[in-house]
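First comes the structure, then the notes that go with it.
There are 2 protein chains.
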Amino acid sequence: MDKVNLAQKFSTFNDFWSPKIVGELNDSYVKLVKFQGEFVWHHHETEDELFLVIKGNLLIKLRDQDIFLEEGEFVIIPRGVEHLPIAKDEVHVLLLEPKTTLNTGNLGNERTVLDLERI
Amino acid sequence: MDKVNLAQKFSTFNDFWSPKIVGELNDSYVKLVKFQGEFVWHHHETEDELFLVIKGNLLIKLRDQDIFLEEGEFVIIPRGVEHLPIAKDEVHVLLLEPKTTLNTGNLGNERTVLDLERI
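Residue numbers (the working numbering), protein chains in the order written: chain A, 1 to 119; chain B, 120 to 238.
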């Protein structure tokens, strides 16, 4: 059984907005992702999603609220809630979400990552 | 919608081996717990369990392996695998596990926490 060192895993990739699988438990994946810039408004119809900031700062815009996350902070976006992640500078994020979750949620577009890499 | 600052949440309690709920998503709880000393050998029949070390060091003994976790490292203990958490010094841990999970797994004893506090 192997442990996962988050910093080491983050050092192995440089692309943005492309979550990598680093663990699975029960019906969920643990993913690591780097964000920089602005994503797209989307929601997940049936899945709650956890964002934990490991390094940097992340703004998650909701339609009625801005959530500013710093290192060591997380938020859970409930299913159905539209959200827009924005990273002014590079941010490293741990995601926890059901295995069925697509990064772009209800949208299928050029930013949708269908075949997630395991690192 | 409220974010959770891990350090702030850890500052609100001092008891050991008593996980507190700080979030829920899908069928799981996010819990924070402080360990010091040695727990008991146990397993979870149907639940995988994630241990992420936020502060300090944690040894998780398996029957055939020792896993040493430092800050920023996690391990997922699959269902059915016996494990024994040992903290030489105080360690702060984030747990992720199904809502059905008991801290002592297959054991029901004086260390079982049935009514988890939400913080």
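Glycine included, every Cβ here is placed at the ideal spot set by N, Cα and C.
{"Item": "Helix, strand or coil at Phe129 (chain B) according to DSSP, with G and I counted as helix", "Value": "helix"}
{"Item": "Chain-ordered chain B contacts of Ile69 (chain A) [CB-CB under 7 Å]", "Value": "Looking at the sequence shown, residue 69 (chain A) is not Ile but Leu. The contacting residues are Lys122."}
{"Item": "Interface residues of chain A facing Phe154 (chain B) [CB-CB closer than 9 Å]", "Value": "Correct list: empty, because the minimum Cβ distance to chain A is about 16 Å."}
{"Item": "The ligand NAD heavy atom lying under 7 Å from the CB of Gly191 (chain B)", "Value": "In terms of ligand content, the structure shown is empty, and the ligand NAD therefore cannot be addressed."}
{"Item": "Closer than 8 Å to chain A by CB, Asn133 (chain B)", "Value": "no"}
{"Item": "C-beta atoms of Phe16 (chain A) and Leu84 (chain A) nearer than 8 Å", "Value": "no"}
{"Item": "Cβ neighbour criterion (16 or more within 10 Å) applied to Ser130 (chain B)", "Value": "exposed"}
{"Item": "Endpoints, the beta strand (DSSP E) within which Val22 (chain A) is located", "Value": "20 to 25"}
{"Item": "Proximity test, Cβ basis, 8 Å: Ser28 (chain A) and chain B", "Value": "yes"}
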